[in-house]
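Novice: Let me begin by handing over the structure; questions about it come next.
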Amino acid sequence: MTILSLRQIGNSSLGYPDADRILMDGVFILDFLRDFPITRVYDYTINYFGQYPALSIGYRPPFFPFIEALFNGIFGINMWSSRLALLSFYMIGIIAWFKLISRIYDWQTAFAATLLLITTPFIARWAWYTMAELPVLSMGLWSGYLFYRYTETNKPGYLYWAALIFSLACWTKQTAVFLVLWFGIYSLIQGNLLNYLKRREVWISAAMILILLIPLGAITLWLGKQNLAQSVGESEGHYHLARWSWDNLTLHLIKLKKYHLTLPLLILSIAGAVFALIKKDRKILYPLSLLIGTYLFFTYLVGKNERYPIFWIPVFCLFATLPLYYLKDKVIGYRLMSIAILGLAAFQTYTVYKIQPGYATGYDAAAQFVLDNQQVPTVFIDAYNNGYLTYFMRALDADKSTYVLRADKLLTSSSISSKQWLEVHVQTTDGIKRLLDDYGVDLIIVESRDLSGIEIHQKFRDYLKNGPFQLLKSIEIESSRPLLQNQQLLIYRYLDRKQPTENYIKLRLPVVGKTINVPIKNKHNENTETGTVE
């Protein structure tokens, strides 16, 4: 597991959309813990985002970034220490899954199901990037193990721990709330639901969860405009399938075959499920409840990314190993099944190593060049891969000296994609010049090709070529991502730089439905006012 998870751990060019924001969230929490602005938490957060506009705190919960911050504090601010933080979650989840299946079946079945899980390519690849998928899956499996122990023993302590870990799972990613369906469906199938509702510890656990999750719910309602659009879909501009349409009802089943499972694993899991039906195996009910809960919840959600229903993959890995359990008294059948599982694990491992991790080179070099050559601590960037560029501007700058101004916040603004909830704030070349003058911009970084498709961003590139700018450096981008191929990072100096006159950075944030005004503080401007939110 560790070998597959830590693939190219020292490669700082590995990346995936959104992983850059979670990296930056971890750095923010580390800086927060070091500065400890306990009397000005809100202002500190707004000002920090104004300086490094690549945070997703508020849109995403902070538990994984908090653990990430601890690892960054111990090992330094770098991508490999953040990946070690992810590995710690993953190991907890794998141990919980092994212990759960050991209790339901036996350790041999648990070992086989765990082996197939960790070698499944869709699972293994999420250990290469700082995404929340493996952390939330792991927290969910841990919570599921504790709840199962409660159903076995009726000891309240297990339920209290399950409630705590469930709450932390939700603080890892909000979709973990669906775990209630897993526990509820199993209790209902077992005929224990009404009995549990009469128990004191159940209501204490519910109160614990409520207290722990009220702040998360409030933050999500306040700053989660995009989250709400992706879940209930009651927001403009968000296309979604009709919930009762055949396309919607079968979508995740198609994704199961296309993304989640290798073909041999899918075939073997179907065979194992059929075997369980023939055997009338009631042990399968708890994992089956997880599968049903995953399907119901993520079929209802508007967001249909293949990452979201990751929770049901362990169940299919278990299904694939069930013939091993049923054939344990049949020597030849057991050996053949063991060989088949080991062969499948080897095939999946080979498949993992055939996958080219997502990467894009040059962004750390561009950030370092700016830090080494800037005359004033303000850089203007216009890049599709702006999150990693912003991350490196902070990771390579121990003094936290530079303000990063993003074109997709100042020239335009949108939510997630360049065209969703789009607002254009600057229309002309004269407007671009005024913006650069107002902020006293010195260095500018752009990707050579505009990927937004918005006219003003192309005008900006044309202005850089023909206006009062000097091209200082061109860095070739090498990338496995088609959008970033045949691209260069171009670093310009603005030759008509003025002394800054603007005291605030105005950032429109459609993703959370807010606009913030952040005071600029640097050697040219010692503004001590606090930020505001509209």
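Sequence positions in the sequence shown follow the numbering used here and run 221 to 754. A virtual CB, placed ideally from N, CA and C, is assigned to each residue, including glycine.
Helix, strand or coil for K477? Go by DSSP, reduced to three states.
Specialist: If you number the sequence shown from 1, residue 477 lands on position 257. In the structure shown, K477 sits in a helix (DSSP, three-state: H, G or I).
Novice: With E667 as the anchor, note down where its beta strand (DSSP E) starts and where it stops.
Specialist: As a position in the sequence shown, residue 667 is number 447, starting the count at 1. Residues L663 to E667.
Novice: Measuring CB to CB, does K433 end up less than 9 Å from W464?
Specialist: Sequence index remark: in the sequence shown, residue 433 carries index 213 (1-based). Sequence index remark: in the sequence shown, residue 464 carries index 244 (1-based). Per the sequence shown, the amino acid found at residue 433 is Leu instead of Lys. The answer is no: Cβ separation not under 9 Å.
Novice: With a CB to CB cut of under 7 Å and the five nearest residues on each side skipped, what residues in its chain are close to I439?
Specialist: Locating residue 439 in the sequence shown gives position 219, counting from the first residue. Correct list, in chain order: G278.
Novice: Please state whether DSSP places S233 in a helix, a strand or coil.
Specialist: Here residue 233 refers to the residue found at position 13 of the sequence shown. It is coil, neither helix nor strand.
Novice: Following the continuous alpha helix (DSSP H) through D602, name the residue where it begins and the one where it ends.
Specialist: For the purposes of this step, residue 602 is taken as residue 382 along the sequence shown, with counting starting at 1. Note, D602: premise wrong, no alpha helix (DSSP H); beta strand (DSSP E) at T598 to D602.
Novice: What residue from I697, Y545, F536 and L656 has the CA that sits closest to A603's CA?
Specialist: Taking the first residue of the sequence shown as 1, we reach residue 603 at position 383. When each option's Cα is compared against that of A603, the closest is I697.
Novice: Grouping DSSP H, G and I as helix and E and B as strand, with all else coil, what is V535?
Specialist: Reading the sequence shown from its first residue, position 315 is the one you call residue 535. Three-state DSSP puts V535 in a helix.
Novice: Distance, Cα to Cα, K639 vs S672?
Specialist: Here residue 639 is taken as the residue at index 419 of the sequence shown, counted from 1. Here residue 672 is taken as the residue at index 452 of the sequence shown, counted from 1. Using only the alpha carbons, I get a separation of about 8 Å.
Novice: Can you list, in chain order, the residues of its chain whose CB lies under 8 Å from that of T618, leaving out five sequence neighbours each side?
Specialist: Stepping through the sequence shown from its first residue, residue 618 is reached at position 398. Before going on, a small fix: residue 618 reads as Ala here, not Thr. Answer for A618: no residue qualifies.
Novice: Between the C-alpha atoms of F567 and G404, what's the straight-line distance to the nearest angstrom?
Specialist: Here residue 567 corresponds to residue number 347 of the sequence shown, with the count starting at 1. Here residue 404 corresponds to residue number 184 of the sequence shown, with the count starting at 1. Rounded to the nearest angstrom, the two C-alpha atoms are 36 Å apart.
Novice: Whose C-beta lies closer than 7 Å to the C-beta of D240 among residues of the same chain, with five residues either side of it excluded?
Specialist: The residue labelled residue 240 in the question sits at position 20 within the sequence shown. Same-chain partners within the cutoff: A274, G607, Y608 and Y611.
Novice: I'd like the list of long-range same chain contacts for Q594, defined as Cβ closer than 8 Å, with 5 residues on each side in sequence excluded.
Specialist: As a position in the sequence shown, residue 594 is number 374, starting the count at 1. Contacts found: T622, D662 and L663.
Novice: By the DSSP assignment, the beta strand (DSSP E) with Y712 in it spans what residues?
Specialist: Translated into positions along the sequence shown, residue 712 becomes position 492. Counting along the chain, the beta strand (DSSP E) containing Y712 begins and ends at Q707 to Y714.
Novice: Given a cut-off of 9 Å on the beta-carbon distance, is the pair L655 and L630 in contact?
Specialist: Along the sequence shown, read from residue 1 onward, the residue named residue 655 stands at position 435. Along the sequence shown, read from residue 1 onward, the residue named residue 630 stands at position 410. Going by C-beta atoms, L655 is nearer than 9 Å to L630.
Novice: Could you tell me the distance, in whole angstroms, from the CA atom of A426 to the CA atom of Y545?
Specialist: Within the sequence shown, the letter at position 206 stands for residue 426. Within the sequence shown, the letter at position 325 stands for residue 545. Distance between the alpha carbons of A426 and Y545: 36 Å.
Novice: Starting from the Cα of E526, find the closest Cα among Y570, K475 and I504 and give me that residue.
Specialist: By one-based count along the sequence shown, residue 526 stands at place 306. When each option's Cα is compared against that of E526, the closest is K475.
Novice: In terms of DSSP beta bridges, what is V644 paired with?
Specialist: For this step, residue 644 is matched to residue 424 along the sequence shown. DSSP, once it has assigned bridges, lists T632 as partnering V644.
Novice: How many angstroms separate the CA atom of G293 from the CA atom of S363?
Specialist: By 1-based counting over the sequence shown, the position of residue 293 is 73. By 1-based counting over the sequence shown, the position of residue 363 is 143. About 28 Å.
Novice: Quick one: what's E698 bridged to in DSSP?
Specialist: The residue given as residue 698 occupies position 478 in the sequence shown. Its beta-bridge partners do not exist; DSSP assigns none.
Novice: Classify G270 as buried or exposed, calling it buried when 16 or more other Cβ atoms lie within 10 Å of its own Cβ.
Specialist: Indexing the sequence shown from 1 puts residue 270 at position 50. Flag for G270 reads buried.
Novice: Which of the three DSSP states, helix, strand or coil, is assigned to K500?
Specialist: Locating residue 500 in the sequence shown gives position 280, where the first residue counts as 1. K500: coil per DSSP, three-state reduction.
Novice: Can you tell me whether DSSP reads K743 as helix, strand or coil?
Specialist: Here the question's residue 743 lines up with position 523 in the sequence shown. Low per-residue confidence applies at K743: pLDDT is 41, beneath 50, and the placement is therefore not dependable, though the value from the model is reported in the following sentence. K743 falls in the coil class under three-state DSSP.
Novice: Spatial neighbours of K393 within its chain, please: CB distance less than 6 Å, with the 5 preceding and 5 following residues excluded, ordered by chain position.
Specialist: Residue numbering aside, residue 393 sits at position 173 when the sequence shown is read from its first letter. So the qualifying residues of the chain are A352 and V356.
Novice: Indicate the three-state DSSP secondary structure (helix, strand or coil) for A566 in the structure shown.
Specialist: Counted from its first residue, the sequence shown places residue 566 at position 346. A566 falls in the helix class under three-state DSSP.
Novice: Have a look at the DSSP bridge pairing and note the partners of K726.
Specialist: Working through the sequence shown from its first residue, we reach residue 726 at position 506. According to DSSP, which records beta bridges pairwise, K726 is partnered with N737.
Novice: Look at the alpha carbon of Y573 and the alpha carbon of A565, and state the distance between them as a whole number of angstroms.
Specialist: Taking the first residue of the sequence shown as position 1, residue 573 is located at position 353. Taking the first residue of the sequence shown as position 1, residue 565 is located at position 345. One C-alpha to the other measures close to 13 Å.
Novice: Quick check on DSSP: helix, strand or coil for Q576?
Specialist: In the sequence shown, counting from the first residue as 1, residue 576 sits at position 356. Three-state DSSP puts Q576 in coil, outside helix and strand.
Novice: For S232, count neighbouring C-beta atoms within 10 Å of its own C-beta (all shown protein chains included) and say buried if the count is 16 or more, exposed if not.
Specialist: As a first step, residue 232 is located in the sequence shown; it is residue number 12 there, counting from the start. Buried, because 16 or more other Cβ atoms sit within 10 Å of the Cβ of S232.
Novice: Quick check on the burial criterion: 16 or more other C-beta atoms within 10 angstroms. Buried or exposed for Y570?
Specialist: Locating residue 570 in the sequence shown gives position 350, counting from the first residue. That one is exposed.
Novice: Report buried or exposed for S694, applying the criterion of at least 16 other Cβ atoms within 10 angstroms of its Cβ.
Specialist: Within the sequence shown, the letter at position 474 stands for residue 694. S694 should be labelled exposed.
Novice: Start and end of the beta strand (DSSP E) containing Y623?
Specialist: Mapped onto the sequence shown, residue 623 falls at position 403. Y623 to R626 is the extent of the beta strand (DSSP E) around Y623.
Novice: Taking all protein chains shown into account, decide if Y262 is buried (16 or more other Cβ within 10 angstroms of its Cβ) or exposed.
Specialist: Position 42 of the sequence shown holds residue 262. Exposed: under 16 other Cβ atoms inside 10 Å.
Novice: Please report the straight-line C-alpha distance between S455 and W641, rounded to a whole angstrom.
Specialist: Within the sequence shown, residue 455 is the residue found at index 235, counting from 1. Within the sequence shown, residue 641 is the residue found at index 421, counting from 1. A caution first: S455 carries a pLDDT of 42, below 50, which makes its placement in the model unreliable, though a value can still be read off. Approximately 10 Å, taken between the alpha carbons.
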